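Asks:
Numbering (the UniProt record's numbering), first residue to last: 1 to 395.
(1) Compare the beta carbon distance of residue 243 and residue 283 with 8 Å and say whether it is the shorter of the two.
(2) Just to confirm before moving on: does the CB-CB distance between residue 60 and residue 113 stay below 8 Å?
(3) Buried or exposed for residue 42, please, with buried defined as at least 16 other CB atoms from any protein chain shown within 10 angstroms of its CB.
(4) Starting from residue 374, follow the alpha helix (DSSP H) in both directions and report where the run begins and ends.
(5) Counting beta carbon pairs with one atom in the stretch 295 to 315 and one in the stretch 252 to 272, are three or more of them shorter than 8 Å?
(6) Starting from residue 280, follow its DSSP beta bridges and name the residues at the other end.
(7) To the nearest angstrom, how far is the alpha carbon of residue 129 from that of residue 111?
(8) Just grab the DSSP bridge partners of residue 155 for me.
(9) From the DSSP output, in three-state form, read off residue 212 for me.
(10) Given this structure, state the Cα-to-Cα distance separating residue 396 from residue 133, to the nearest angstrom.
(11) Compare the beta carbon distance of residue 302 and residue 353 with 8 Å and say whether it is the shorter of the two.
(12) Cα-Cα, which of 131, 95, 208 and 172 is closest to residue 232?
(13) Can you tell me the Cα-Cα spacing of residue 206 and residue 186, whole angstroms?
(14) In the stretch 253 to 316, which residue ranges form an unbroken beta strand (DSSP E) of at least 3 residues, counting only runs that do not cross its ends?
(15) Per DSSP, which residues does residue 182 bridge with? Please list them.
(16) Measure the beta-carbon distance from residue 55 to residue 91 and round it to whole angstroms, keeping in mind my assumption that it falls under 8 Å.
(17) Where do the N-terminal and C-terminal ends of the alpha helix (DSSP H) with residue 234 fall, by residue?
(18) With respect to the beta strand (DSSP E) encompassing residue 73, which residues constitute its N-terminal and C-terminal limits?
(19) Report buried or exposed for residue 201, applying the criterion of at least 16 other Cβ atoms within 10 angstroms of its Cβ.
(20) Need the endpoints of the beta strand (DSSP E) that residue 28 sits in, please.
(21) Residue 251 and residue 184 - do their beta-carbons sit closer together than 8 Å?
(22) Looking at the structure shown, is residue 229 part of a helix, part of a strand, or coil, going by DSSP?
(23) Quick one, are the C-beta atoms of residue 29 and residue 363 less than 8 Å apart?
(24) Going by C-alpha distance, which of 173, 139, 141 and 160 is nearest residue 153?
(25) Taking DSSP's pairing of strands, which residues face residue 175 in a bridge?
(26) Tell me, to the nearest whole angstrom, how far the beta carbon of residue 454 is from that of residue 338; I am working on the premise that it is less than 8 Å.
(27) Apart from the five residues on each side of it in sequence, which residues of its chain come closer than 7 Å, Cβ to Cβ, to residue 89?
(28) Is the beta carbon of residue 199 closer than 8 Å to that of residue 181?
(29) In the DSSP assignment, find the beta strand (DSSP E) that holds residue 241 and state where it starts and stops.
(30) From the DSSP output, which residues share a beta bridge with residue 322?
(31) Would you kindly check if the distance between the Cβ of residue 141 and the Cβ of residue 96 is under 8 Å?
(32) Residues in the same chain with beta-carbon distance under 7 Å from residue 164, minus the five sequence neighbours each way, listed in chain order, please.
(33) In whole angstroms, what separates the C-alpha of residue 34 from that of residue 171?
(34) Go to residue 369, then tell me how far its beta strand (DSSP E) extends in each direction, as first and last residue.
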């Protein structure tokens with residue numbers, strides 16, 4: 001007999017229990033009817049981890065995942081329209097920025113978005129408008145990353161073959177890296193270096209040529225001055241040495257965890273967890289594989305990982321989602337779509353593992369949700385919930 005949900009359990013057991021009893025409950029259809037290019041929970045602000053954002057077509061949407069019961073509420077939407085300052089158009093990537101130092105009385109959430117118009121817009125959810133516009137790339141934006149340790153900094157990569165580090169509040173490009181093979185980016189924990197994944201599967205480390213200028217008159221305490229305006233990959237970076245074999249295909253996603261672990265994923269579904277350091281070869285802690293990812297595939301699909309880094313969700317090109325325990329390196333749950341077979345472009349997972357999200361098709365977000373077994377006792381809950389999901393439209 002299955003123990004009561006009310007029984008005392010550890011946090012990890014709670015999360016596993018939620019995943020074991022999760023079913024498809026909600027399908028959200030975004031009205032732009034284009035592929036959702038990116039999906040991300042706000043993990044940079046501790047009091048806003050209930051919200052997530054998507055970008056698809058020319059639209060960025062912010063949702064509340066927690067406070068409306070079984071429903072997913074749209075908090076704000078931004079359309080990247082043509083203005084006198086930017087061409088507008090399709091958005092391709094997004095990331096959350098820290099709101100430390102915000103002057104809004106009841107707080108704010110800040111989302112950076114980039115797209116084919118070569119610009120990066122920082123959007124205030126409270127004001128529902130662009131508060132900072134970054135211009136400098138010559139082609140579409142590929143990836144965006146932020147750093148909690150240095151909340152002023154924003155990192156972008158572009159199809160123009162460069163990465164740029166920005167002081168987004170000052171709308172100032174601090175340095176340009178020549179990096180034409182970069183496919184995934186992240187700051188290290190203290191924000192003094194950048195880690196990149198490349199099209200050949202390699203990982204590189206870039207030291208940021210920045211000098212702090214404390215006491216500057218600005219909203220935050222520290223400003224930065226660039227030591228080098230433009231540097232090549234050979235001058236600014238070095239290969240991260242690996243104690244074990246690394247990726248053989250393009251790296252499509254990487255994350256730095258707060259405990260010093262680095263998670264990398266390649267397009268063939270291989271996920272590696274490394275003990276990160278910037279001086280000695282990286283030791284590989286675990287190697288995992290998302291089933292159903294062909295060796296020859298070229299599609300990019302980002303994974304989601306809890307803030308504590310203990311559980312990770314990733315999808316394949318058939319619409320299936322798998323959840324892994326990053327501590328043990330084992331697969332603990334998998335979810336299959338109903339009557340749908342399409343590439344999962346991005347996954348996310350809530351910190352309590354009650355919700356697992358996946359995006360695929362033309363504007364669809366699928367949410368698998370924990371259901372108390374007492375409510376479905378004696379029924380074929382997997383079939384019931386998966387074949388008759390609740391559908392919401394964000395219009």
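We put the CB at the ideal spot given by N, CA and C, even for glycine.
None of these values were measured; they are calculated from a predicted model.
Replies: So, from the listed chains and residues:
(1) Counted from its first residue, the chain shown places residue 243 at position 243. Counted from its first residue, the chain shown places residue 283 at position 283. Taking 8 Å as the Cβ cut-off, residue 243 and residue 283 qualify as a contacting pair.
(2) Position 60 of the chain shown, counting from 1, holds the residue named residue 60. Position 113 of the chain shown, counting from 1, holds the residue named residue 113. In contact: residue 60 and residue 113 (Cβ atoms closer than 8 Å).
(3) Indexing the chain shown from 1 puts residue 42 at position 42. Buried is the call here.
(4) Stepping through the chain shown from its first residue, residue 374 is reached at position 374. Note, residue 374: alpha helix (DSSP H), 373 to 376.
(5) yes
(6) Position 280 of the chain shown holds residue 280. In DSSP, residue 280 forms no bridge with anything.
(7) Within the chain shown, residue 129 is the residue found at index 129, counting from 1. Within the chain shown, residue 111 is the residue found at index 111, counting from 1. C-alpha separation (whole angstroms): 10 Å.
(8) Here residue 155 corresponds to residue number 155 of the chain shown, with the count starting at 1. Looking at the DSSP assignment, residue 155 forms a beta bridge with 145 and 165.
(9) Counted from its first residue, the chain shown places residue 212 at position 212. Of the three classes helix, strand and coil, the one that applies to residue 212 here is strand, per DSSP.
(10) No information on residue 396 is available, as it lies outside the stretch 1 to 395 that the chain covers here.
(11) Numbered from its first residue, the chain shown carries residue 302 at position 302. Numbered from its first residue, the chain shown carries residue 353 at position 353. Contact: no.
(12) Here residue 232 refers to the residue found at position 232 of the chain shown. Comparing Cα-Cα distances from residue 232 to each of 131, 95, 208 and 172, the minimum goes to 208.
(13) Position 206 of the chain shown, counted from the start, is the residue given in the question as residue 206. Position 186 of the chain shown, counted from the start, is the residue given in the question as residue 186. Rounded to the nearest angstrom, the two C-alpha atoms are 10 Å apart.
(14) 261 to 266, 270 to 275, 283 to 289 and 311 to 315
(15) Looking up residue 182 in the chain shown gives position 182. Residue 182 is bridged to 198.
(16) For this step, residue 55 is matched to residue 55 along the chain shown. For this step, residue 91 is matched to residue 91 along the chain shown. Rounded, the Cβ-Cβ distance is 4 Å, consistent with contact.
(17) Numbered from its first residue, the chain shown carries residue 234 at position 234. Counting along the chain, the alpha helix (DSSP H) containing residue 234 begins and ends at 233 to 236.
(18) Residue 73 sits at position 73 when you count from the first residue of the chain shown. Segment 73 to 79, the beta strand (DSSP E) holding residue 73.
(19) As a position in the chain shown, residue 201 is number 201, starting the count at 1. Buried.
(20) Here residue 28 is taken as the residue at index 28 of the chain shown, counted from 1. Counting along the chain, the beta strand (DSSP E) containing residue 28 begins and ends at 22 to 29.
(21) Here residue 184 refers to the residue found at position 184 of the chain shown. Here residue 251 refers to the residue found at position 251 of the chain shown. Yes, they are a contact pair.
(22) Walking along the chain shown from the start, residue 229 turns up at place 229. In the structure shown, residue 229 sits in coil (DSSP, three-state: anything other than H, G, I, E or B).
(23) In the chain shown, the residue the question calls residue 29 occupies position 29. In the chain shown, the residue the question calls residue 363 occupies position 363. Yes; because the gap between Cβ atoms is below 8 Å, this pair is in contact.
(24) Here residue 153 refers to the residue found at position 153 when the chain shown is read from its first residue. Measuring from the Cα of residue 153, the nearest candidate turns out to be 173.
(25) Start at 1 with the first residue of the chain shown, and residue 175 comes out as number 175. DSSP lists 165 as partners of residue 175.
(26) Since the first residue shown for the chain is 1 and the last is 395, residue 454 is missing from the structure and cannot be characterised.
(27) Numbered from 1 along the chain shown, position 89 holds the residue referred to as residue 89. Taken in chain order, the residues that qualify are 58, 80, 115, 116 and 117.
(28) Position 181 of the chain shown holds residue 181. Position 199 of the chain shown holds residue 199. Taking 8 Å as the Cβ cut-off, residue 181 and residue 199 qualify as a contacting pair.
(29) The residue labelled residue 241 in the question sits at position 241 within the chain shown. Note, residue 241: premise wrong, no beta strand (DSSP E); not H, not E.
(30) Locating residue 322 in the chain shown gives position 322, where the first residue counts as 1. Note: residue 322 sits in a beta bridge opposite 314 and 334.
(31) Counting from one through the chain shown, the residue named residue 96 turns up at place 96. Counting from one through the chain shown, the residue named residue 141 turns up at place 141. No, they are not a contact pair.
(32) Position 164 of the chain shown, counted from the start, is the residue given in the question as residue 164. Taken in chain order, the residues that qualify are 136, 137, 156, 173 and 176.
(33) For this step, residue 34 is matched to residue 34 along the chain shown. For this step, residue 171 is matched to residue 171 along the chain shown. Rounded to whole angstroms, residue 34 to residue 171 spans 30 Å at the Cα level.
(34) What you label residue 369 is simply residue 369 of the chain shown in a count that begins at 1. Residues 364 to 370.
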